[in-house]
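The block underneath contains the structure these notes are about, expressed in structure tokens.
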Amino acid sequence: VALSCKDRMHHLVAEELGLAPGPAPAENQNGRKFPEWKEALERSFLRMDKEVSGEVATDSACKCEAGTPHHAAVGSTAVVAVVSPTEIAVANCGDSRAVLCRNGTAVPLSSDHK
């Protein structure tokens, strides 16, 4: 699951933000070139979850059987940050955290989902 997230998550985020190769996205009514980041990141995480949920259920290398408690415990954590010159959007799942260092002080940008 973690390897799939490593290989795919950034592609899903780019697609949801409209940054995937292809025609440039049009500006929305707020003058922003990207969709609303919160919703785009949420969709990315949901898509990744759907992809890996199907993968775990059909992967012969997975030693757990679908529908068992062990199957439910297979997963990963993730943090995604999208940075522009004026904004930072952060999304996370699990107990991974994003922290910004501002003048030598740690500023939490996310909170754990335990």
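The letter at position 70 of the sequence shown is residue 70 when you use full-length UniProt numbering, and the numbering goes up by one with no holes.
Glycine included, each C-beta is placed from N, C-alpha and C at the ideal position.
- The bridge partners DSSP lists for residue 108 are 99.
- The residue among 1, 93, 87 and 84 with its C-alpha nearest the C-alpha of residue 45 is 93.
- In this structure, residue 52 keeps its C-beta atom at 8 Å or more from the C-beta atom of residue 96.
- Nearest in C-alpha terms to residue 15, of all of 107, 81, 88 and 41, is 41.
- In terms of CA proximity to residue 76, 49 leads the group 49, 36, 109 and 106.
- In this model, residue 47 and residue 85 are separated by some 27 Å (Cα to Cα).
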